[in-house]
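Worksheet for the structure shown next.
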Amino acid sequence: QVKLVESGGGVVQPGGSLRLSCAASGFIFSSYGMHWVRQAPGKGLEWVAFIRSDGSDTYYEDSVKGRFTISRDNSKNTLYLQMDSLRAEDTAVFYCVKDLKVAASQPYYFHYWGQGTQVTVSS
Amino acid sequence: QSALTQPPSASGSPGQSVTISCTGSSSDIGAYDYVSWYQHHPGKAPKLVIYDVSRRPSGVPNHFSAYKSGNTASLTVSGLQAEDEADYYCSSYAGSNHVVFGGGTKLTVL
Numbered sequence: 011q012v013k014l015v016e017s018g019g020g021v022v023q024p025g026g027s028l029r030l031s032c033a034a035s036g037f038i039f040s041s042y043g044m045h046w047v048r049q050a051p052g053k054g055l056e057w058v059a060f061i062r063s064d065g066s067d068t069y070y071e072d073s074v075k076g077r078f079t080i081s082r083d084n085s086k087n088t089l090y091l092q093m094d095s096l097r098a099e100d101t102a103v104f105y106c107v108k109d110l111k112v113a114a115s116q117p118y119y120f121h122y123w124g125q126g127t128q129v130t131v132s133s
Numbered sequence: 278q279s280a281l282t283q284p285p286s287a288s289g290s291p292g293q294s295v296t297i298s299c300t301g302s303s304s305d306i307g308a309y310d311y312v313s314w315y316q317h318h319p320g321k322a323p324k325l326v327i328y329d330v331s332r333r334p335s336g337v338p339n340h341f342s343a344y345k346s347g348n349t350a351s352l353t354v355s356g357l358q359a360e361d362e363a364d365y366y367c368s369s370y371a372g373s374n375h376v377v378f379g380g381g382t383k384l385t386v387l
């Protein structure tokens, strides 16, 4: 079965950096686009970033563009999110999510989700 | 891209039907048929229950149904069961390689 396990969350000061990882198994990782979605405390879900199955294109939510970088290593079945210049408003649970459709060219649907990793930005 | 608008709460008794609305604009729901719905039990991973406006992924029970009209999408949960109590989020493609979510609706089974 599909399994997505996030890691790398923690507490970081404003302006700091964190790198999240997501280990994927149970499906052909290199065939699917992947997303990061977050949920701030007491708030709803927010799409953060998408990467195509072959890593050829990446797309970002406006508030993270230029600060976050999504990437993947298909040889290791692993998705990453490099987060720089972190702000208090980035505090959230970050979910690694598999897209629904094979080789999706754009971010449409969020099929399988990991359990999430907590990121707290605080001094 | 602005978030989609959902009512903060909805409720119904076991066996009843409840409909949750999701209002967007001509730039998202009104422009594309890439509307989806997610069920989220707090502390657990969210679950896709509807995609392509009204299609159910394999394994999702048929008491979930959905449609859209103009800039508004709707999710109906029929034959309410205790396990349907959860937060529900709508989502739509919004063009320019962006996706927007609704603020979420807390469904309570009375």
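These protein sequences, in sequence, are chains A and B.
Take the first sequence: its letter number 121 is residue 131 in the working numbering, and every next letter is one higher.
Take the second sequence: its letter number 19 is residue 296 in the working numbering, and every next letter is one higher.
Glycine included, every Cβ here is placed at the ideal spot set by N, Cα and C.
Bear in mind the structure is a predicted one, so any value in this text is a computation, not a measurement.
Inset, instruction - For chain B, find out if any of its Cβ atoms is closer than 8 Å to the Cβ of Leu30 (chain A); answer yes or no. - result: Taking a beta-carbon distance threshold of 8 Å, Leu30 (chain A) does not count as an interface residue toward chain B.
Legend entry - Ser368 (chain B) - containing beta strand (DSSP E), residue span: Looking at the DSSP string, the run of the beta strand (DSSP E) that includes Ser368 (chain B) is Ala363 to Tyr370.
Inset, instruction - Flag Ser298 (chain B) as yes if its beta-carbon sits less than 8 Å from any beta-carbon of chain A, otherwise no. - result: Not an interface residue.
Inset, instruction - Verify whether the separation of the beta carbon atoms of Phe120 (chain A) and Tyr315 (chain B) is less than 8 Å. - result: Between Phe120 (chain A) and Tyr315 (chain B), the C-beta spacing is below 8 Å.
Inset, instruction - For Gly18 (chain A), return the contacting residues in chain B, with the cut-off set at a CB-CB distance below 7 Å. - result: The premise fails here: Gly18 (chain A) is roughly 17 Å from chain B at the closest Cβ pair, so nothing lies under 7 Å.
Inset, instruction - Flag Phe378 (chain B) as yes if its beta-carbon sits less than 8 Å from any beta-carbon of chain A, otherwise no. - result: It does; some Cβ of chain A falls within 8 Å.
Legend entry - CB contact flag (Trp123 (chain A), Val376 (chain B), <8 Å): At least 8 Å separates the beta-carbon of Trp123 (chain A) from that of Val376 (chain B).
Legend entry - chain A contact residues for Gly381 (chain B), given Cβ-Cβ distances below 8 Å: Residues of chain A passing the Cβ test: Gly54 and Leu55.
Inset, instruction - Quick one: grab the DSSP three-state call for Glu99 (chain A). - result: For Glu99 (chain A), the three-state secondary structure derived from DSSP is helix.
Legend entry - Coil, strand or helix - Ser81 (chain A) by DSSP: In the structure shown, Ser81 (chain A) sits in a strand (DSSP, three-state: E or B).
Inset, instruction - Work out the CA separation of Ser286 (chain B) and Ala359 (chain B) for me, nearest whole Å. - result: Cα to Cα, Ala359 (chain B) sits roughly 16 Å from Ser286 (chain B).
Legend entry - Range covered by the beta strand (DSSP E) that runs through Ser327 (chain B): At residue 327 (chain B) the sequence reads Ile, which differs from the Ser that was named. Lys324 to Ile327 is the span of the beta strand (DSSP E), which, as asked, contains Ile327 (chain B).
Inset, instruction - Figure out for me which residue from A:Ser132, A:Ser41 and A:Gly126 has the closest Cα to the Cα of Lys321 (chain B). - result: Of the residues A:Ser132, A:Ser41 and A:Gly126, the one whose Cα lies closest to the Cα of Lys321 (chain B) is A:Gly126.
Legend entry - Spatial neighbours of Leu387 (chain B) in its chain, beta-carbon cut-off 6 Å, leaving aside the 5 residues before and after: Excluding residues within five positions, the ones whose Cβ falls inside 6 Å are Ser288 and Ser290.
Inset, instruction - Quick one: which unbroken beta strand (DSSP E) runs of 3-plus residues sit fully inside the stretch 28-56 of chain A? Chain order, please. - result: Runs of the beta strand (DSSP E) lying entirely within the stretch 28-56 of chain A and spanning at least 3 residues, in chain order: 28-35 and 42-49.
Legend entry - Helix, strand or coil at Glu360 (chain B) [DSSP, three-state]: Of the three classes helix, strand and coil, the one that applies to Glu360 (chain B) here is helix, per DSSP.
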